[in-house]
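In the working numbering, the protein residues as written are 42 to 460.
Quick reminder that beta carbons are idealized off the backbone N, C-alpha and C, glycines included.
Shown next, in structure tokens, is the structure this report addresses.
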Amino acid sequence: VLLKGKKLPLSLLSDPVKTRPVKMLDVESFEETFSKKRKRKRPKLAGGDLGELLSKAEADEEGYDENKDSNLRDMIEYSEAARENIFNKGQSKRIWAELHKVVDSSDVVIQVLDVRDPMGTRVKYVEQLLKRATARHKHLVLLLNKCDLVPTWVTARWIKLLSAEYPTLAFHASMNNPFGKGALIQLLRQFKVLHGDKKHLSVGFFGYPNVGKSSIINTLRKKRVCKAAPTPGETKVWQYVTLFRGIYLIDCPGTVYGSADSDLTTVMKGVVRVENIEMPSQYVKGVLDKVKDQYVKRTYAIASWEDANDFLEKLARKYGKLFKGNEPDIETTAKMVLNDLIRGKLPFFAEPPAPPEKGFSYAKKELRSKAEVEMEKQLEAANAPSEAKKKHEEEKSKFGYKAPKQAMVPSCPAGEEEE
Numbered sequence: 042v043l044l045k046g047k048k049l050p051l052s053l054l055s056d057p058v059k060t061r062p063v064k065m066l067d068v069e070s071f072e073e074t075f076s077k078k079r080k081r082k083r084p085k086l087a088g089g090d091l092g093e094l095l096s097k098a099e100a101d102e103e104g105y106d107e108n109k110d111s112n113l114r115d116m117i118e119y120s121e122a123a124r125e126n127i128f129n130k131g132q133s134k135r136i137w138a139e140l141h142k143v144v145d146s147s148d149v150v151i152q153v154l155d156v157r158d159p160m161g162t163r164v165k166y167v168e169q170l171l172k173r174a175t176a177r178h179k180h181l182v183l184l185l186n187k188c189d190l191v192p193t194w195v196t197a198r199w200i201k202l203l204s205a206e207y208p209t210l211a212f213h214a215s216m217n218n219p220f221g222k223g224a225l226i227q228l229l230r231q232f233k234v235l236h237g238d239k240k241h242l243s244v245g246f247f248g249y250p251n252v253g254k255s256s257i258i259n260t261l262r263k264k265r266v267c268k269a270a271p272t273p274g275e276t277k278v279w280q281y282v283t284l285f286r287g288i289y290l291i292d293c294p295g296t297v298y299g300s301a302d303s304d305l306t307t308v309m310k311g312v313v314r315v316e317n318i319e320m321p322s323q324y325v326k327g328v329l330d331k332v333k334d335q336y337v338k339r340t341y342a343i344a345s346w347e348d349a350n351d352f353l354e355k356l357a358r359k360y361g362k363l364f365k366g367n368e369p370d371i372e373t374t375a376k377m378v379l380n381d382l383i384r385g386k387l388p389f390f391a392e393p394p395a396p397p398e399k400g401f402s403y404a405k406k407e408l409r410s411k412a413e414v415e416m417e418k419q420l421e422a423a424n425a426p427s428e429a430k431k432k433h434e435e436e437k438s439k440f441g442y443k444a445p446k447q448a449m450v451p452s453c454p455a456g457e458e459e460e
């Protein structure tokens, strides 16, 4: 007889004759359970009978304090709208774990910055991390990407300012017409010679989302080896890529260090995906304040507008973003404006500080800890000559005094006396 496995009557397979009944006394003896020497714990009961339970409940009711009850929750009639979750992108523990993997595995760490806002896209946490005693053998290089989106004088001034802290290069990531590729490759070759005792040199890239880390690696390889897109969060995990024999590149997901940036600043940095923003129209006013009117008019061919809402209505009618009844689609048009800003169609940049005056020189930063500086001072004080020795040296140099050589007196033989 053939039976299907799913319809097999399992109750027929158990044999009641072979099963042995469980005996309680085999598990625990009578004396351990019921005698005076029993080891079993007595259960804690609130009362022996219903009367005791009732009296205890009445006593608890009289001593009840509503302010001390942690199980109560206040019902708030009105609360401010919670911040959208997308503004916390790049700050998860998984992303920071990937960043620490890249930093620990790299001999040279390259921080990719957006040249439109270099100071706003710096990760100060990693810079402080590399100044520790356990990571001082690692080299940090600043790379200003997207230099084709700003005037030349802006890039030159940022390079002059940032070079006082770390080696800084300008770069334009492009497969066909790159800029700064030769200088970066030459710098990496110099680091390879510096680390000649190692078999290979690992170079890690890190920075804010959407600053072009993967595009830089593709430009160096002149091949699409990393998945790159003009939207943030495209790189999920770290990637290991071979550049030359002995030089390897490590791509890292975009990381955002916890800062007090406003939502508008976060959107303009390209940290969040525009299509995931619920009300993008609220950020268009800030965009119009950042971008000069002449650039907006040149890009969208709109002569004038009263406010941000009027600008979006005119732009929606111009590009045909309409609902039924000839109503303009404000939100879709706002997403288009934000995407144009992030991708460089609308030019904007943070103006760099004024250049220093002629003859000004940057002071060298003290990278040693206070304990190391104090230890060095104590060693110098211990090795310094004493005052008496200094005085003796001054007299010798003043009078040209030389100590006479002592004459060797022969010793008398044993048993003889000197006359």
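Using 10 angstroms around the beta-carbon of F247, count the other beta-carbons present and answer buried if the total reaches 16, otherwise exposed. The residue labelled residue 247 in the question sits at position 206 within the sequence shown. Result: buried.
Between the CA atoms of E102 and D110 - distance to the nearest angstrom: Position 69 of the sequence shown, counting from 1, holds the residue named residue 110. Position 61 of the sequence shown, counting from 1, holds the residue named residue 102. Spanning the two alpha carbons is a distance of roughly 13 Å.
Going by C-alpha to C-alpha distance, which of E392, K310, M216 sits closest to K264? If you number the sequence shown from 1, residue 264 lands on position 223. Closest by alpha carbon: M216.
Can you name the start and end residues of the alpha helix (DSSP H) that F75 belongs to? Reading the sequence shown from its first residue, position 34 is the one you call residue 75. From DSSP, the alpha helix (DSSP H) with F75 extends over 71–75.
Am I right that H178 and F232 are in contact with their C-beta atoms under 8 Å? What's the rounded C-beta distance? Position 137 of the sequence shown, counting from 1, holds the residue named residue 178. Position 191 of the sequence shown, counting from 1, holds the residue named residue 232. That pair is no contact at about 12 Å.
Who are the near neighbours of Y298 in its chain, counting only those whose CB is closer than 7 Å to its CB and skipping five residues on each side? As a position in the sequence shown, residue 298 is number 257, starting the count at 1. Excluding sequence neighbours, Y298 sits near V164, K165, Y166.
Work out the CA separation of K222 and I258 for me, nearest whole Å. Here residue 258 corresponds to residue number 217 of the sequence shown, with the count starting at 1. Here residue 222 corresponds to residue number 181 of the sequence shown, with the count starting at 1. Spanning the two alpha carbons is a distance of roughly 10 Å.
Going by other Cβ atoms of all chains shown within 10 Å of its Cβ, with 16 needed for buried, is E392 buried or exposed? Here residue 392 is taken as the residue at index 351 of the sequence shown, counted from 1. So E392 counts as exposed.
Classify M377 as buried or exposed, calling it buried when 16 or more other Cβ atoms lie within 10 Å of its own Cβ. Within the sequence shown, numbered from 1, the residue matching residue 377 stands at position 336. Buried, by the Cβ-count rule.
Proximal residues to D189 (C-beta, below 6 Å), its chain only, five neighbours per side dropped: The residue labelled residue 189 in the question sits at position 148 within the sequence shown. Excluding residues within five positions, the ones whose Cβ falls inside 6 Å are H213.
Going by the CB atoms, is the gap between L184 and I226 shorter than 8 Å? Taking the sequence shown and counting its residues from 1, the one referred to as residue 226 is at position 185. Taking the sequence shown and counting its residues from 1, the one referred to as residue 184 is at position 143. Cβ atoms of I226 and L184: not closer than 8 Å.
Rounded to whole angstroms, what is the Cα-Cα separation between V156 and T196? Position 115 of the sequence shown, counted from the first residue, corresponds to residue 156. Position 155 of the sequence shown, counted from the first residue, corresponds to residue 196. Taking the straight line joining both Cα atoms gives about 7 Å.
The ligand NAD heavy atoms versus the CB of T307: any closer than 7 Å? Of ligands this structure carries none, so the ligand NAD is not represented either.
Delimiting residues of the alpha helix (DSSP H) encompassing T193: Against the sequence shown, residue 193 aligns to sequence position 152. Element bounds for T193: 193–203.
Pull up the distance between the alpha-carbon of Y105 and that of K80, whole angstroms please. For the purposes of this step, residue 105 is identified with residue 64 of the sequence shown, where counting begins at 1. For the purposes of this step, residue 80 is identified with residue 39 of the sequence shown, where counting begins at 1. Taking the straight line from one Cα to the other gives about 37 Å.
Taking DSSP as the reference, what is the three-state secondary structure of D189? Residue 189 sits at position 148 when you count from the first residue of the sequence shown. It is helical.
Contact the region 305–313 vs the region 249–257: 3+ CB pairs below 8 Å: yes
Just tell me which of L203, K78, L387 has its CA closest to the CA of P396. By 1-based counting over the sequence shown, the position of residue 396 is 355. It is L203 whose Cα lies nearest to the Cα of P396.
Using the three-state DSSP reduction, which class does P369 fall into: helix, strand or coil? Stepping through the sequence shown from its first residue, residue 369 is reached at position 328. The answer is strand: DSSP assigns P369 an E or B state.
To the nearest angstrom, report how far apart Y324 and L305 are at their CA atoms. Residue numbering aside, residue 324 sits at position 283 when the sequence shown is read from its first letter. Residue numbering aside, residue 305 sits at position 264 when the sequence shown is read from its first letter. Each residue's Cα considered, the two are about 6 Å apart.
Length at least 3, wholly inside the region 280–347: the beta strand (DSSP E) runs in chain order: 280–285, 288–292
Would V153 and F390 be called neighbours here (beta carbons separated by less than 8 Å)? To locate residue 153, count along the sequence shown from 1; it is residue 112. To locate residue 390, count along the sequence shown from 1; it is residue 349. No, they are not a contact pair.
Kindly give me the distance between the Cβ atoms of H241 and Y281, rounded to whole angstroms, as I take these residues to be in contact under 8 Å. Within the sequence shown, residue 241 is the residue found at index 200, counting from 1. Within the sequence shown, residue 281 is the residue found at index 240, counting from 1. About 11 Å separates the two Cβ atoms, so there is no contact after all.
Cα separation between G366 and T276? Locating residue 366 in the sequence shown gives position 325, where the first residue counts as 1. Locating residue 276 in the sequence shown gives position 235, where the first residue counts as 1. Distance between the alpha carbons of G366 and T276 is about 42 Å.
Within 10 Å of its beta-carbon, does D292 have 16 or more other beta-carbons around it, so buried, or fewer, so exposed? Residue 292 sits at position 251 when you count from the first residue of the sequence shown. Buried, because 16 or more other Cβ atoms sit within 10 Å of the Cβ of D292.
Judging by CA-CA distance, which residue of P394, V244, S322 is the nearest neighbour of L261? Here residue 261 corresponds to residue number 220 of the sequence shown, with the count starting at 1. It is V244.
Span separating the alpha-carbon of P294 from that of E413: What you label residue 294 is simply residue 253 of the sequence shown in a count that begins at 1. What you label residue 413 is simply residue 372 of the sequence shown in a count that begins at 1. Using only the alpha carbons, I get a separation of about 36 Å.
7 Å Cβ shell around E434 - same chain, five flanking residues per side excluded: As a first step, residue 434 must be located in the sequence shown, where it is residue number 393. Result list for E434: empty, nothing under 7 Å.
Just curious, the alpha helix (DSSP H) that Q152 is in, first and last residue? Locating residue 152 in the sequence shown gives position 111, where the first residue counts as 1. Segment 149–155 is the beta strand (DSSP E) holding Q152; no alpha helix (DSSP H) there.
Taking 8 Å as the threshold (beta carbon to beta carbon), is K78 in contact with chain C? Here chain C cannot be found, since the structure has a single protein chain.
Residue(s) in a DSSP beta bridge with G223: Walking along the sequence shown from the start, residue 223 turns up at place 182. In DSSP, G223 forms no bridge with anything.
Identify which residue in W279, F285, G287, S303 has its Cα closest to the Cα of T296. For the purposes of this step, residue 296 is identified with residue 255 of the sequence shown, where counting begins at 1. Looking at the Cα atoms, W279 is the closest of the given residues.
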